[in-house]
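In the UniProt record's numbering, the protein residues as written are 1 to 509.
Yeah, the Cβ is synthetic: ideal placement off N, Cα and C, and Gly gets one too.
Since we're looking at a predicted model, the values are computed, not measured.
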């Protein structure tokens, strides 16, 4: 099997297109604060550090400040910028023929619609059939720096708007489609001067655009990116340099954000997809893979292959679609109704518990015992509780990178892999069993006001207490909304913003 260094050389040399030079970036995304300006908040952490108190319980008659109708569905998350809440959606009776996308802005205090842009496609989009119906045409979360809003619409490209909804520029980033039939979902992020667009389905690329003009600054192509549905993040390395980090199906990469050139990579457990995003805390990057993968922690920084020197630990835990959160030294992942907590420093599993549905919430006493939950889910084998922790100067053994994605010049057809070409519900891609992807939860947990919030697809929002003991505080649901709740919520200043395929809600006291 080709070694990982070959993949690195390919990334570092053959596929870099530097269109212009920029000075070294001086800042990452906005610092901790009340805003929730991108997918999963500041730097994609999923953690809100403001001191606002979010209610533990709510309904359509309790602790609901407002709700607003949406013109159509979407799996994108709302973002919160100052006094505005921004979200995307799509509509159409016979898409893609009559497809329309929507970018909406609401007053966060009242829920009043401030402006609404209806966006007609510039190019024909993917057919609405098969597993694509589980995704749709509005799964990318927009991002804002407080002056502009940047929205990614897949084949329709990237558009920039001012805060009043006036379009400033538009550009396309690729014309390809996802071979698996799922569609596109990764969200853009910002640096000081760039919009970083994960055009993974459109061109198997990371693309950097000038924030002010939309001009392409660099483009990085790699076969492994074709299997990515996660969103990159910025991490400060040990040397103080900013790094653009992304988790791929077989490796974690740290790149120079101003050029896109790779600085380091770590080989992880083999996989055929990476649906979740990496997260970082205190200079350590955490990657939770899918059902055919595992979990690993990598210290940021270094040069070249850092698998032996920087991998802190790995274990066999297999997550799903959602991205974990790292909060106060603990790593939390929730997959298909099962919450798992790890020690972020060692990878040791602390608990694994099935979330209790509303009928059981009041009747079932809290417990920290895990065997019953494991037997009920059949998802995580007993050996997954054992992490391999690296001793100083030594890395735990990692599985080799998945061979099928190929190396330089070898773009293997993903349809040749069992179940991959038939959509995410096939065997071996993380969608088989228990109804496959059509029954998956797609949202990710977030933490705010010393609580963990997780929205299930049926609309139930679970509230957990963080800590080394599993404790479910509440289950909340908007009873009259039978829509799809697949978006990750946003939290800001004591308010929780939840979107369904029909409405946008503001929960608060």
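Delimiting residues of the alpha helix (DSSP H) encompassing residue i
i, result
"residue 203", "200-203"
"residue 359", "358-361"
"residue 310", "307-310"
Beta-carbon spacing of residue i, residue j below 8 angstroms
i, j, result
"residue 92", "residue 445", "no"
"residue 202", "residue 228", "no"
"residue 327", "residue 247", "no"
"residue 276", "residue 323", "yes"
"residue 288", "residue 332", "no"
"residue 521", "residue 120", "Residue 521 lies beyond the residue range present for the chain, which begins at 1 and ends at 509; the question has no answer from this structure."
"residue 219", "residue 350", "no"
"residue 269", "residue 294", "yes"
"residue 230", "residue 297", "no"
"residue 72", "residue 115", "no"
"residue 476", "residue 59", "yes"
"residue 502", "residue 483", "yes"
"residue 68", "residue 113", "yes"
"residue 158", "residue 188", "yes"
"residue 194", "residue 209", "yes"
"residue 280", "residue 245", "yes"
"residue 52", "residue 494", "yes"
"residue 504", "residue 106", "yes"
Beta-ladder partner(s) of residue i, from DSSP
i, result
"residue 54", "In DSSP, residue 54 forms no bridge with anything."
"residue 347", "BP columns for residue 347 are empty, so no partner."
"residue 150", "143 and 160"
"residue 254", "245 and 264"
"residue 182", "Residue 182 is not bridged to any residue."
"residue 315", "295"
"residue 339", "334 and 353"
"residue 472", "464"
"residue 69", "503"
"residue 131", "Note: residue 131 sits in no beta bridge, so no partner."
"residue 280", "285"
"residue 301", "In the DSSP output, where bridge partners are listed per residue, residue 301 has none listed."
"residue 84", "81 and 107"
"residue 64", "507"
"residue 190", "195"
Inter-residue spacing [alpha-carbon to alpha-carbon] between residue i and residue j
i, j, result
"residue 266", "residue 284", "12 angstroms"
"residue 146", "residue 500", "25 angstroms"
"residue 233", "residue 143", "12 angstroms"
"residue 135", "residue 192", "31 angstroms"
"residue 117", "residue 41", "23 angstroms"
"residue 243", "residue 237", "7 angstroms"
"residue 139", "residue 474", "28 angstroms"
"residue 65", "residue 34", "18 angstroms"
"residue 489", "residue 77", "6 angstroms"
"residue 347", "residue 75", "30 angstroms"
"residue 480", "residue 215", "45 angstroms"
"residue 163", "residue 84", "9 angstroms"
"residue 300", "residue 178", "30 angstroms"
"residue 271", "residue 252", "12 angstroms"
"residue 44", "residue 129", "31 angstroms"
"residue 345", "residue 170", "43 angstroms"
"residue 207", "residue 36", "23 angstroms"
"residue 38", "residue 137", "18 angstroms"
"residue 338", "residue 352", "7 angstroms"
"residue 457", "residue 485", "5 angstroms"
"residue 463", "residue 314", "28 angstroms"
"residue 48", "residue 491", "7 angstroms"
"residue 302", "residue 260", "16 angstroms"
"residue 507", "residue 454", "14 angstroms"
"residue 196", "residue 190", "6 angstroms"
"residue 320", "residue 141", "19 angstroms"
"residue 356", "residue 185", "29 angstroms"
"residue 592", "residue 160", "Outside the shown range of the chain (1 to 509) lies residue 592, about which nothing can therefore be said."
"residue 133", "residue 94", "12 angstroms"
Endpoints, beta strand (DSSP E) assigned at residue i
i, result
"residue 497", "495-499"
"residue 323", "That residue, residue 323, is in no beta strand (DSSP E); it is neither H nor E in DSSP."
"residue 492", "490-492"
"residue 169", "167-171"
"residue 225", "From DSSP, residue 225 is part of no beta strand (DSSP E); its letter is neither H nor E."
"residue 451", "451-455"
"residue 236", "233-236"
"residue 447", "446-448"
Whole beta strand (DSSP E) runs in the region 88-123 with 3 or more residues, listed along the chain?
You should have 100-107 and 113-119.
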